[in-house]
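Participant: Take any residue in the sequence shown, count from 1 to its spot, add 1: that is its number in our numbering. Once you've had a glance at the structure underneath, I'll fire off some questions.
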Amino acid sequence: MEERKLKQLLSEMSLREKIGQMIQLTGIYFDEDAVLTGAVGEGQPPQWVIRYAGSVLGMIGAEKLRAIQKKYMKEHPHHIPLLFMADVIHGCRTIAPIPLGQACSFHPELVEKMAGHAAAESAAEGIKATFSPMMDVSRDPRWGRIMESFGEDPFLSGVMGTVMLRGYQKGNGNGQKGSREIPESGIAGCLKHFAGYGAVNAGREYNDVEISQRTFREQYLKPFRMAMHADPAMVMTAFNAVDRRPVSGNKELLEDILRKEMGFRGTVISDWGSVGQLEEQNVVSGQAEAADAAVHAGVDIDMMSPAYMFHLEELVEEGHVPVSLIDRSAWNVLVMKNRLGLFEDPFAGMEGEEQLSAEAKKIALALACESSVLLKNADLLPLKPEQKVFWAGPYVESTELLSRWAIFGRHDDVETISEVLRDRKLPVRFVPGCEILTEEERRLWQADNCRIQGEEEQNKEMSGSCGDQYADLEEIGPEDTVVLVLGEHEAQSGEAASRAFLDLPEGQQKFFDAVAERTSHIVAVIMSGRPLDIRKIAEKSQAVLLAWRPGTMGAEAVVRLVYGEETPSGKLSVSIPWGVGQVPVSYWDVKTGHRMTETNPENRFTSRYMDIPNEPLYPFGFGLSYTGFTITPPVLEKQEREDKIGILCKVKNVGEVPGAEVVQCYVETLCAPVVRPAKELIRFRKVFLQPGEEQKVKFTIDRKELAFYGADMELIDGGIPLRITVGNSSRAEAGDVSLQLDRRS
Ligand code: GLC
Numbered sequence: 002m003e004e005r006k007l008k009q010l011l012s013e014m015s016l017r018e019k020i021g022q023m024i025q026l027t028g029i030y031f032d033e034d035a036v037l038t039g040a041v042g043e044g045q046p047p048q049w050v051i052r053y054a055g056s057v058l059g060m061i062g063a064e065k066l067r068a069i070q071k072k073y074m075k076e077h078p079h080h081i082p083l084l085f086m087a088d089v090i091h092g093c094r095t096i097a098p099i100p101l102g103q104a105c106s107f108h109p110e111l112v113e114k115m116a117g118h119a120a121a122e123s124a125a126e127g128i129k130a131t132f133s134p135m136m137d138v139s140r141d142p143r144w145g146r147i148m149e150s151f152g153e154d155p156f157l158s159g160v161m162g163t164v165m166l167r168g169y170q171k172g173n174g175n176g177q178k179g180s181r182e183i184p185e186s187g188i189a190g191c192l193k194h195f196a197g198y199g200a201v202n203a204g205r206e207y208n209d210v211e212i213s214q215r216t217f218r219e220q221y222l223k224p225f226r227m228a229m230h231a232d233p234a235m236v237m238t239a240f241n242a243v244d245r246r247p248v249s250g251n252k253e254l255l256e257d258i259l260r261k262e263m264g265f266r267g268t269v270i271s272d273w274g275s276v277g278q279l280e281e282q283n284v285v286s287g288q289a290e291a292a293d294a295a296v297h298a299g300v301d302i303d304m305m306s307p308a309y310m311f312h313l314e315e316l317v318e319e320g321h322v323p324v325s326l327i328d329r330s331a332w333n334v335l336v337m338k339n340r341l342g343l344f345e346d347p348f349a350g351m352e353g354e355e356q357l358s359a360e361a362k363k364i365a366l367a368l369a370c371e372s373s374v375l376l377k378n379a380d381l382l383p384l385k386p387e388q389k390v391f392w393a394g395p396y397v398e399s400t401e402l403l404s405r406w407a408i409f410g411r412h413d414d415v416e417t418i419s420e421v422l423r424d425r426k427l428p429v430r431f432v433p434g435c436e437i438l439t440e441e442e443r444r445l446w447q448a449d450n451c452r453i454q455g456e457e458e459q460n461k462e463m464s465g466s467c468g469d470q471y472a473d474l475e476e477i478g479p480e481d482t483v484v485l486v487l488g489e490h491e492a493q494s495g496e497a498a499s500r501a502f503l504d505l506p507e508g509q510q511k512f513f514d515a516v517a518e519r520t521s522h523i524v525a526v527i528m529s530g531r532p533l534d535i536r537k538i539a540e541k542s543q544a545v546l547l548a549w550r551p552g553t554m555g556a557e558a559v560v561r562l563v564y565g566e567e568t569p570s571g572k573l574s575v576s577i578p579w580g581v582g583q584v585p586v587s588y589w590d591v592k593t594g595h596r597m598t599e600t601n602p603e604n605r606f607t608s609r610y611m612d613i614p615n616e617p618l619y620p621f622g623f624g625l626s627y628t629g630f631t632i633t634p635p636v637l638e639k640q641e642r643e644d645k646i647g648i649l650c651k652v653k654n655v656g657e658v659p660g661a662e663v664v665q666c667y668v669e670t671l672c673a674p675v676v677r678p679a680k681e682l683i684r685f686r687k688v689f690l691q692p693g694e695e696q697k698v699k700f701t702i703d704r705k706e707l708a709f710y711g712a713d714m715e716l717i718d719g720g721i722p723l724r725i726t727v728g729n730s731s732r733a734e735a736g737d738v739s740l741q742l743d744r745r746s
């Protein structure tokens, strides 16, 4: 619709119609099968709110949503289409690896393609907006939502979030007819949670956040700033406060920083109930005041809190809230619907897309392979197909390779590892050994209602379903090889899943120890939504492959990697701690005094633990391959434009099999008026090489990207000695170059 007509529509709308656009309801008021992703209060929304609410979340199903849309538009005074939103976090029906795993692929193009398929599958079933990508920098694995993040690095999070957003809003190109800004197979994306949620104190869910303004701006806002280039349709406010001021009532954050400084032009939506929670955070005295604070701060849509639905109309009528603020927010929502082309076709994208298409599954498989990280390999992997192998552990027969945020995924669509192995007719025997969780752990983690969309079917029966292929532990001899597939349950990560310890489930630890008693030839395959404390597992295993929560194609990916049909190429998007006492730990921890160095390891008066190392078990950016690579030291390359820095190096596959290396480029400020991170990732490139093949890698860095905040929060963009390194992890340096940019500001 032309802007002129859209403005005309806004001018004709009643106050209730405009306020309706600012309210998002859960789908249960329209359909009892809707997915609940938050708590619902006692109060039923006023009837006019159900009639005029501009968007709904948590519903799926083309026929159902088509019928609801038709009825809703018919009864709406101006027939404005309803916008169906949902949490499509890592796939809709074809489930990809969790975002924490996708980031380990260091393969932006693949992540973008996968998001395009997720968008097309969503649109085909009526969903036209997702609450994804999550941009929260996360360094604390005690926080369950680290699984939804792209890990600890601001730059990697920014790159991955940008391409995932672009994928959502571009779709996969199928069914394209009109020339709408977000095409039929595309959906509106939403950067969340703005901002700082990944830094909750002590990794405890919904806890306060204590970050300096400098760290907030340089690390936690960076991914959001980077993703603005992809023109996000929405930004979601975080539950937390920043510097003691809750985001959903924080005008400085939402207006001055997000809109004016970052140039965001879309719709701000609150997180579930976070407007109403201003009262719990004691910054307002009631829901009317919460509504007043949020609408003045710039929250355009109140998701599922009582504030807007019960109080906004009265606040306007009593003159506390100017109509201009209502017009501004209603306008932002109408523009978003217009970008989606809903006024021309409220059912855009609902034809034609095949769910779980061969193409979508192919991309999901590639991503599951490239998201897995080979952490250890004492020449045990890859296994030979003719090798007699025991596949053991509760995940061998499990379809629970998805996650709590795969709310529309179906375990029935997931092959088990044992099914994949049987199809290959390999000489394998299965030793399930134990359940994923003990009964007590199942109760603690509410594992039986783990699927947010009430999924009745239980995990396939583990034992007896394949007759003679089952073995007992006693059959495992000292020379036998065992692939042990272990890990957290789906319910143990995601929202409201913080943990104080990072251990494997109890029964699995015992089973692992029992197997380790019998043989040392163990391949440990770990399924988890977060870094776990795997130190003892790694000590007793000859190989460790971290598969995260690999999604619909996870079993195929694990088998291909273990037998060398694919070469592992994943690199850690988050440090694996030595133990839980070490968290939060990240490669970009700032420099301290009393620095521990190789020369003074015994000196106790250094910044260190006396009982464990400072370094994580496996660092950010680390991952092994079945082949080997060399990277030449970086050299500076003269640039035509003086505001660009060129870094050149070469990478070569010096092994026997094809593989991919991720060349990482880090910058370190050698001396500055403020203490700075040890180093910061500034570029990376994944290079696929045949044996013996060599390729040049050139990074072009804009000097603005190296700026940081000085003592008075002024931007320092030069005059500082810098050291730039390249390598294949945050700990490995293939050399460095030093440079100093002239100071501009
Ligand atoms: C949840 C989450 C948010 C999600 C929203 C809608 O509470 O915090 O990430 O998108 O509510 O389900």
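Here a beta-carbon is modelled for each residue, glycine too, at the ideal position from N, C-alpha and C. In this text, all values refer to a predicted model and were calculated from it rather than measured experimentally.
1. Less than 6 Å between the CB of Gly39 and some heavy atom of the ligand GLC, yes or no?
2. To the nearest angstrom, how far is it from the Cα of Ala492 to the Cα of Gly190?
3. Is Trp332 near the ligand GLC, with its Cβ less than 6 Å from a heavy atom?
4. Consult DSSP for Cys370 and reduce its assignment to one of helix, strand or coil.
5. Hey, out of Met2, Arg205, Arg500 and Gly622, whose CA is closest to His490's CA?
6. Excluding five sequence neighbours on each side, which residues of the same chain lie with their C-beta closer than 7 Å to the C-beta of Glu818?
7. Alpha carbon to alpha carbon, how far is Pro323 from Leu16?
8. Grouping DSSP H, G and I as helix and E and B as strand, with all else coil, what is Ile51?
9. Should Asp88 be counted as a contact of the ligand GLC given a C-beta to heavy atom distance under 6 Å?
10. CB-CB under 7 Å to His321, same chain, minus the five flanking residues each way: which ones, in chain order?
11. Please say whether Gln543 and Ala379 have beta carbons closer to each other than 7 Å?
12. Kindly list the residues whose CB is nearer than 8 Å to the CB of Gly495, restricted to its own chain and excluding five residues on each side of it in sequence; keep chain order.
13. Report the start-end ranges of each beta strand (DSSP E) in the region 80 to 162 that is 3 residues or longer and not cut off at the edges.
14. So which of Glu476, Ala231 and Thr439 has the shortest CA-CA distance to Val429?
15. Unbroken alpha helix (DSSP H) runs of length 4 or more, entirely within the region 543 to 573: which are they?
16. Tell me the DSSP bridge mates of Arg724?
17. Would you call the CB atoms of Met337 and Thr238 closer than 7 Å?
18. Look at the Cβ atom of Ser123, then the Cβ atom of Ile188, and state whether they are nearer than 7 Å.
19. Between which two residues does the alpha helix (DSSP H) holding Gln388 run?
20. Please report the distance separating the alpha-carbon of Phe623 from that of Ser576.
21. With DSSP as the reference, please indicate the residues paired to Asn378 in a beta bridge.
22. Please classify Gly299 as buried or exposed, where buried requires at least 16 other C-beta atoms within 10 Å of its C-beta.
23. Roughly how many angstroms separate the alpha carbons of Val390 and Ser372, rounded to a whole number?
24. Drop a sphere of 10 angstroms on the beta-carbon of Tyr610, count the other beta-carbons inside from all chains shown, and report buried for 16 or more, exposed for fewer.
25. Is the CB-CB distance between Ala242 and Leu166 below 7 Å?
26. Is any heavy atom in the ligand GLC found nearer than 6 Å to the beta carbon of Asp272?
27. Would you kindly check if the distance between the Cβ of Val276 and the Cβ of Asp303 is under 7 Å?
28. Of all the alpha helix (DSSP H) runs that stay within the bounds of the region 466 to 543, which reach a length of 4 or more residues?
29. Using only the alpha-carbon positions, how far apart do Thr726 and Thr633 sit?
30. Between Phe132 and the ligand GLC, is the CB less than 6 Å from at least one heavy atom?
31. Hey, quick one: how far does the alpha helix (DSSP H) through Asn333 stretch, first residue to last?
32. For Ala104, which option in Asp301, Ile51, Leu573 and Ile96 has the closest C-alpha, if you only look at C-alpha atoms?
33. Using the C-alpha atoms, what's the distance from Pro674 back to Met351?
34. Are the CB atoms of Ile61 and Glu126 nearer to each other than 7 Å?
35. Since Trp273 contacts Thr38 with CB under 8 Å, what's their CB separation in whole angstroms?
36. Quick one: any contact between the region 520 to 537 and the region 477 to 486, if contact means 3 or more CB pairs under 8 Å?
Facilitator: If we stick to the structure as given:
1. Distances from the CB of Gly39 to the heavy atoms of the ligand GLC include at least one below 6 Å.
2. Those two C-alpha atoms are separated by around 25 Å.
3. No, the ligand GLC has no heavy atom inside 6 Å of this Cβ.
4. Three-state DSSP puts Cys370 in a helix.
5. Looking from the CA of His490, the closest CA among Met2, Arg205, Arg500 and Gly622 belongs to Arg500.
6. One cannot answer for residue 818 here, as it falls past the ends of the chain, which runs 2 to 746.
7. Taken atom to atom, the span from the alpha-carbon of Pro323 to that of Leu16 is near 11 Å.
8. Three-state DSSP puts Ile51 in a helix.
9. Asp88 has its CB nearer than 6 Å to a heavy atom of the ligand GLC.
10. The answer, listed in chain order, is Asp293.
11. The Cβ atoms of Ala379 and Gln543 lie closer than 7 Å to each other.
12. Sequence-distant partners of Gly495 (beyond 5 residues in either direction) whose C-beta falls short of 8 Å from its own C-beta, in its chain, are Gly145, Arg146, Met148, Glu149, Ser404, Arg405, Trp406 and Gly530.
13. Those beta strand (DSSP E) runs which fall completely within the region 80 to 162 and span 3+ residues are 84 to 87.
14. With distances taken between Cα atoms, Val429 lies closest to Glu476.
15. Entirely contained in the region 543 to 573, the alpha helix (DSSP H) runs reaching 4 residues are, in chain order, 555 to 563.
16. In the DSSP output, where bridge partners are listed per residue, Arg724 has Glu669 and Ser739.
17. Going by beta carbons, Met337 and Thr238 fall outside the 7 Å limit.
18. Yes, Cβ-Cβ distance for Ser123 and Ile188 is below 7 Å.
19. Premise fails: Gln388 is in no alpha helix (DSSP H) and is neither H nor E.
20. The alpha-carbon atoms of Phe623 and Ser576 are separated by roughly 9 Å.
21. DSSP lists Ala544 as the bridge partner or partners of Asn378.
22. Buried: at least 16 other Cβ atoms inside 10 Å.
23. Roughly 24 Å separates the two Cα atoms.
24. Around the C-beta of Tyr610, fewer than 16 other C-beta atoms lie within 10 Å, and the residue is accordingly described as exposed.
25. Using a Cβ distance threshold of 7 Å, Ala242 and Leu166 do not count as a contacting pair.
26. Distances taken from the Cβ of Asp272 to the heavy atoms of the ligand GLC include one shorter than 6 Å.
27. Yes, the pair counts as a contact, with Cβ atoms nearer than the cut-off.
28. Listed in chain order, they are 507 to 519 and 536 to 541.
29. The alpha-carbon separation between Thr726 and Thr633 amounts to approximately 11 Å.
30. Yes, the beta carbon of Phe132 sits closer than 6 Å to at least one heavy atom of the ligand GLC.
31. Judged by DSSP secondary structure, Asn333 falls within the alpha helix (DSSP H) whose first and last residues are Val324 to Arg340.
32. For the residues Asp301, Ile51, Leu573 and Ile96, the minimum Cα distance to Ala104 belongs to Leu573.
33. Here the alpha carbon of Met351 sits roughly 56 Å from the alpha carbon of Pro674.
34. In this structure, Glu126 lies closer than 7 Å to Ile61 by Cβ.
35. Rounded, the Cβ-Cβ distance is 7 Å, consistent with contact.
36. With a cut-off of 8 Å, the region 477 to 486 and the region 520 to 537 count as touching, because enough Cβ pairs lie within range.
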